[in-house]
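Before any comments, here is the structure.
In our numbering, the protein residues as written are 1 to 195.
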């Protein structure tokens, strides 16, 4: 569906430019956009490679395992339907820790694996379980300590202080995660009272 929307927007924009005689501006915008995209990608790659390397070092040193143990009691309370030693728990913890360090791309495969394991726990049903909904809410509003992607973008465009967004990001993501959990719990208890 999203592909159709993008195609429609592109076609409408080109037709509009033809009628207004601004095709030259459209061509300039296309080429400038492509140039900006390449510049941005190169800037993002350097920062993401650095943080993925740091995550690998943290994994090899056992830091990720220690962080997982630290957060396991909290995660167990958020997901009471998931057994403590189930693979889904490990994938969810890894996903959350990767998101904390702003590594959304690295967190995605772990999030997908977590959902697959949660689906197995749900008996393979196509409807989402309580744990799946909670995980999706937390993953979407995840707490971010180091917003690597935004820092990389700010560095690419020569920001005077690319890391000044760290504290506001921490505050905003903590509030969004709390909000996501509260809304998730509200609708869960509301539905369970009706049923």
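Idealized CB from N, CA, C, for every residue including glycine.
Helix, strand or coil for residue i, going by three-state DSSP, please let me know.
{"i": "residue 91", "result": "helix"}
{"i": "residue 126", "result": "coil"}
{"i": "residue 160", "result": "coil"}
{"i": "residue 142", "result": "coil"}
{"i": "residue 82", "result": "coil"}
{"i": "residue 18", "result": "helix"}
{"i": "residue 31", "result": "helix"}
{"i": "residue 103", "result": "coil"}
{"i": "residue 13", "result": "helix"}
{"i": "residue 62", "result": "coil"}
{"i": "residue 45", "result": "helix"}
{"i": "residue 96", "result": "helix"}
{"i": "residue 73", "result": "helix"}
{"i": "residue 115", "result": "helix"}
{"i": "residue 168", "result": "helix"}
{"i": "residue 110", "result": "helix"}
{"i": "residue 1", "result": "coil"}
When the Cα atoms are used, what is the spatial distance from residue i to residue j?
{"i": "residue 53", "j": "residue 59", "result": "10 Å"}
{"i": "residue 111", "j": "residue 36", "result": "30 Å"}
{"i": "residue 155", "j": "residue 146", "result": "14 Å"}
{"i": "residue 123", "j": "residue 113", "result": "16 Å"}
{"i": "residue 23", "j": "residue 139", "result": "42 Å"}
{"i": "residue 103", "j": "residue 86", "result": "24 Å"}
{"i": "residue 78", "j": "residue 92", "result": "11 Å"}
{"i": "residue 61", "j": "residue 73", "result": "22 Å"}
{"i": "residue 12", "j": "residue 6", "result": "10 Å"}
{"i": "residue 153", "j": "residue 168", "result": "16 Å"}
{"i": "residue 128", "j": "residue 192", "result": "15 Å"}
{"i": "residue 183", "j": "residue 137", "result": "9 Å"}
{"i": "residue 16", "j": "residue 30", "result": "15 Å"}
{"i": "residue 9", "j": "residue 2", "result": "11 Å"}
{"i": "residue 18", "j": "residue 28", "result": "14 Å"}
{"i": "residue 185", "j": "residue 115", "result": "19 Å"}
Let's test the definition: count the other Cβ atoms within 10 Å of the Cβ of residue i and tell me whether it reaches 16, buried, or not, exposed.
{"i": "residue 118", "result": "buried"}
{"i": "residue 187", "result": "exposed"}
{"i": "residue 25", "result": "exposed"}
{"i": "residue 144", "result": "buried"}
{"i": "residue 106", "result": "buried"}
{"i": "residue 160", "result": "exposed"}
{"i": "residue 46", "result": "exposed"}
{"i": "residue 14", "result": "exposed"}
{"i": "residue 99", "result": "buried"}
Looking only at C-alpha atoms, which of the options sits nearest to residue i?
{"i": "residue 158", "options": "22, 27, 40", "result": "40"}
{"i": "residue 131", "options": "102, 88, 11, 148", "result": "88"}
{"i": "residue 55", "options": "76, 75, 94", "result": "94"}
{"i": "residue 81", "options": "120, 67, 106, 71", "result": "120"}
{"i": "residue 171", "options": "103, 9, 142, 77", "result": "142"}
{"i": "residue 101", "options": "74, 133, 33, 173", "result": "173"}
{"i": "residue 134", "options": "75, 161, 84", "result": "75"}
{"i": "residue 84", "options": "1, 127, 96, 69", "result": "69"}
Is residue i a contact residue of the ligand MN, with contact defined as CB to any heavy atom under 7 Å?
{"i": "residue 77", "result": "Ligands in the displayed structure: none, and consequently the ligand MN is not present."}
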